[in-house]
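The structure under discussion appears below in the form of structure tokens.
Protein chains: 2
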Amino acid sequence: MTMHKEVGAAYGIKTVAIVKSLLENNDQIAAANGRRLAAAGVLAVNVIAGPGAGKTSLIIKTLEVLRAHARVGVIEGDIAGSIDTERVLAAGAADAVQINTGGSCHLEAAMVGRALERLELGQLDIVFVENVGNLVCPTHWALGEQMKLCLLSAAEGHDKPIKYPEIFAVSDVIVLNKVDLIELVDFEREQFYESVRALNPHAPIFELSCRSGQGVVDFGCWILDCLSKVRDE
Amino acid sequence: MTMHKEVGAAYGIKTVAIVKSLLENNDQIAAANGRRLAAAGVLAVNVIAGPGAGKTSLIIKTLEVLRAHARVGVIEGDIAGSIDTERVLAAGAADAVQINTGGSCHLEAAMVGRALERLELGQLDIVFVENVGNLVCPTHWALGEQMKLCLLSAAEGHDKPIKYPEIFAVSDVIVLNKVDLIELVDFEREQFYESVRALNPHAPIFELSCRSGQGVVDFGCWILDCLSKVRDE
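What follows is the structure, given as structure tokens:
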């Protein structure tokens with residue numbers, strides 16, 4: 001057996017400088033989005049997950065809990081299509097805007113800025129921003145949100161925090177979805193919590209199943225608490 | 001209910017030009033990798049999937065089928081860690097190299113070029129290149145492979161080809177993993193096949209479960225057929 005060998009990445013200085021300048025420009029627009037949301041007293045949540053973790057389902061199920069208590073808008077980021085926008089409106093979102101990134105692997109603040117112009121923020125309490133399905137790229141692109149939510153499906157495996165550490169480290173809340181499958185997929189809860197806690201000691205972690213409904217009310221109530229805090233500031 | 005509204009992405013001309021030049025540079029290095037693989041008569045497979053679809057498990061299960069018939073090397077692409085390299089070596093890979101991308105969301109041809117230098121290609125028949133878990137970014141970055149494999153887990157849902165069309169369109173083979181969960185996750189087979197076929201009429205589609213082993217031998221035999229074709233060329 002050969003010993004394992006490692007090859008690091010080497011990027012040119014020019015490439016790094018270009019990316020840095022793009023990110024700085026993005027941060028400025030994100031700050032402006034943040035000021036607009038704060039002025040309207042709206043809580044914005046950036047929902048980040050890989051493909052098929054259940055981002056839209058989480059938004060829909062949470063909407064069902066929240067809609068008697070808060071007016072919820074949704075910004076749907078997808079590479080293509082507008083299925084999700086139709087689904088969230090049918091589930092009772094007060095307003096929704098579709099962003100098609102045209103191939104891009106993450107949302108950027110400028111896209112969200114244009115979407116915010118299309119929403120009547122004065123009529124909303126909470127805005128969920130569903131990012132493109134990707135556990136890597138959205139990490140670095142601030143959108144102006146008050147809260148980053150990292151969503152993982154139990155079917156993806158307990159080792160994901162080790163493989164995609166950055167998103168788990170920077171998130172304000174972590175949601176483990178599809179816990180109805182947890183016994184079927186060799187998901188080791190203890191290892192999952194241990195590796196999340198090593199990266200992020202304080203973010204609340206919710207376990208739920210959008211399919212069975214288990215845990216969704218607890219999560220919805222916590223979001224309402226967060227809204228009160230935003231309004232009290 | 002508000003009608004759904006759509007916001008397109010707008011990138012600056014300068015940004016597009018920079019990305020195009022990076023991709024062209026990558027294509028040249030990929031072509032050199034491809035020539036090196038062809039000279040050694042090695043079949044290289046670029047394994048692309050979102051987080052937790054089962055890329056490493058597919059490689060390990062296929063290794064178990066192939067190892068009596070072919071010498072298999074693995075290049076493991078991860079943002080961090082070397083767990084997967086240790087796993088594939090323990091499962092019988094003849095050689096393995098870890099690439100840590102240091103945050104990058106996809107492998108690039110230059111990284112794979114450096115990894116190929118560390119493998120003894122003359123001693124190998126097949127090289128699996130496990131890309132970073134991402135259904136978007138790896139699509140555009142050629143590595144020098146003869147074959148792009150797109151892997152989806154049934155738990156991710158039948159609608160993924162509609163949401164991530166490019167990778168399904170450009171792949172040479174599509175593998176649906178975790179079919180042991182298919183009845184538990186509302187996966188609509190007919191809609192899945194319909195949307196894949198609309199994007200990619202001819203790529204073979206394999207259904208399998210790395211957990212139960214179902215379908216893995218068929219897939220391994222097909223890979224051996226592909227190797228014979230590479231050798232006959």
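Protein chains in written order, with the working numbering: chain V, 1 to 233; chain A, 1 to 233. Ideal Cβ placement from N, Cα and C applies to all residues, glycine included.
Start and end residues, alpha helix (DSSP H) containing A/Ala169
Counting along the chain, the unbroken alpha helix (DSSP H) around A/Ala169 starts and ends at Pro165 to Val170.
Look at V/Leu121 and V/Val230 and say whether their C-beta atoms are less than 8 Å apart.
In this structure, V/Leu121 lies away from V/Val230, with their beta-carbon atoms at least 8 Å apart.
From V/Met1 to V/Ala93, what distance separates their C-alpha atoms?
Reliability of the predicted coordinates at V/Met1 is poor, the pLDDT of 29 falling under 50, and no value is obtained from them.
How about A/Ile126: is its C-beta nearer than 8 Å to some C-beta of chain V?
It does not: the Cβ of A/Ile126 has no partner Cβ on chain V nearer than 8 Å.
According to DSSP, is A/Glu207 helix, strand or coil?
Note: A/Glu207 maps to strand in three-state DSSP.
Going by the beta-carbon positions, is the gap between V/Gly50 and V/Leu119 smaller than 8 Å?
No, Cβ-Cβ distance for V/Gly50 and V/Leu119 is not below 8 Å.
Contact between the region 142–154 of chain A and the region 25–45 of chain A: three or more CB pairs below 8 Å?
In short, these stretches touch, since the Cβ pair count reaches three.
Quick one: is V/Gly102 buried, meaning 16 or more other Cβ sit within 10 Å of its Cβ, or exposed?
The residue in question, V/Gly102, is exposed, as its Cβ has fewer than 16 Cβ neighbours within 10 Å.
Could you tell me how far apart the beta carbons of V/Ser153 and V/Asn177 are, in whole angstroms, since I believe they sit closer than 8 Å?
Between V/Ser153 and V/Asn177, the beta carbon gap of about 5 Å places them in contact (Cβ cut-off 8 Å).
In whole angstroms, what is the alpha-carbon distance linking A/Glu194 and V/Ile126?
Computed Cα separation, rounded: 37 Å.
Taking 7 Å as the limit between beta carbons, can you name the residues of its chain near A/Glu166, skipping five residues before and five after?
For A/Glu166, where only same-chain residues beyond five positions count, the Cβ hits under 7 Å are Thr139.
What are the start and end residues of the beta strand (DSSP E) that includes V/Glu117?
No beta strand (DSSP E) holds V/Glu117; the alpha helix (DSSP H) holding it covers Ala109 to Arg118.
Contact defined as beta carbons within less than 8 Å: I believe A/Cys150 pairs with V/Cys105. What is the distance between those atoms, to the nearest angstrom?
The Cβ separation is near 16 Å, so there is no contact.
According to DSSP, is A/Asp186 helix, strand or coil?
Here A/Asp186 sits in coil by DSSP.
Grab the span of the alpha helix (DSSP H) containing A/Cys221 for me, first residue to last.
Per DSSP, A/Cys221 belongs to the alpha helix (DSSP H) from Val216 to Asp232.
Grab me the residues of A/Ala155's own chain with a C-beta within less than 6 Å of its C-beta, minus the 5 sequence neighbours each way, in chain order.
Non-local beta-carbon contacts of A/Ala155 in its own chain, meaning distances under 6 Å to residues more than five positions away in sequence, involve Lys178, Leu181 and Val185 in chain order.
Taking 8 Å as the threshold (C-beta atoms), are V/Ala142 and V/Asp232 in contact?
No; because the gap between Cβ atoms is not below 8 Å, this pair is not in contact.
In the DSSP assignment, find the unbroken alpha helix (DSSP H) run with V/Glu86 in it and report its ends.
Looking at the DSSP string, the run of the alpha helix (DSSP H) that includes V/Glu86 is Ile83 to Ala90.
Take every Cβ of the region 157–166 of chain V, pair it with every Cβ of the region 62–80 of chain V, and state whether three or more of those distances are shorter than 8 Å.
Under the 8 Å Cβ criterion, the region 157–166 of chain V does not count as touching the region 62–80 of chain V, having fewer than three qualifying pairs.
Can you pull the DSSP bridge partners for A/Gln28?
The bridge partners DSSP lists for A/Gln28 come to none.
Could you work out which residues of chain A lie near V/Cys105, taking near to mean beta carbons separated by less than 8 Å?
Under the 8 Å cutoff, chain A gives Cys105, Asn134, Val136 and Cys137.
Residues bridged to V/Asn177 (per DSSP):
Paired residue(s): V/Ser153.
Which residues in chain V have a C-beta closer than 7 Å to the C-beta of A/Asp78? List them in chain order.
Within chain V, the residues near A/Asp78 are Lys163.
Determine which residues share a DSSP beta bridge with A/Glu194 and list them.
A/Glu194 is not bridged to any residue.
Contact set between V/Asp159 and chain A, taken where Cβ atoms lie within less than 8 Å
Going along chain A in sequence order, the residues near V/Asp159 (Cβ under 8 Å) are Ile83.
What's the C-alpha gap between V/His4 and A/Val88?
Reliability of the predicted coordinates at V/His4 is poor, the pLDDT of 44 falling under 50, and no value is obtained from them.
Chain C beta carbons: is any one of them nearer than 8 Å to that of A/Glu156?
No chain C is part of this structure, whose protein chains are labelled V and A.
Checking 8 Å against the spacing of the C-beta atoms, do V/Val217 and V/Cys210 come in under that value?
Cβ distance not < 8 Å, so V/Val217 and V/Cys210 don't count as in contact.
With a Cβ-Cβ cutoff of 8 Å, do V/Val129 and V/Val112 count as a contact?
In contact: V/Val129 and V/Val112 (Cβ atoms closer than 8 Å).
Leaving aside the five residues before and after A/Cys226 along the sequence, list all residues of the same chain whose C-beta is less than 7 Å from its C-beta, in chain order.
For A/Cys226, where only same-chain residues beyond five positions count, the Cβ hits under 7 Å are Leu43 and Met147.
Report buried or exposed for A/Ser171, applying the criterion of at least 16 other Cβ atoms within 10 angstroms of its Cβ.
A residue is called buried when at least 16 other Cβ atoms come within 10 angstroms of its Cβ; A/Ser171 meets this threshold and is buried.
Just to make sure I have the definition right: I need the residues of chain V whose C-beta is within less than 8 Å of the C-beta of A/Glu166. Which are they?
Under a criterion of Cβ atoms nearer than 8 Å, the residues of chain V adjacent to A/Glu166 are, in order, Ile79 and Gly103.
Which residues, in chain order, does the region 49–63 of chain A contribute to contact with chain V at a C-beta distance below 7 Å?
Going along the region 49–63 of chain A in chain order, one finds Gly50, Pro51 and Gly52 with a Cβ nearer than 7 Å to chain V.
Figure out for me which residue from V/Glu108, V/Leu66 and V/Ala109 has the closest Cα to the Cα of V/Ala91.
The option with the nearest alpha carbon to V/Ala91 is V/Leu66.
Please list, in chain order, the chain A residues whose beta carbon lies closer than 9 Å to that of V/Leu121.
Within chain A, not a single residue places a beta-carbon under 9 Å from that of V/Leu121; the smallest gap is close to 13 Å.
For chain V, is any of its Cβ atoms less than 8 Å away from the one on A/Lys148?
False, the Cβ-Cβ gap to chain V never drops below 8 Å.
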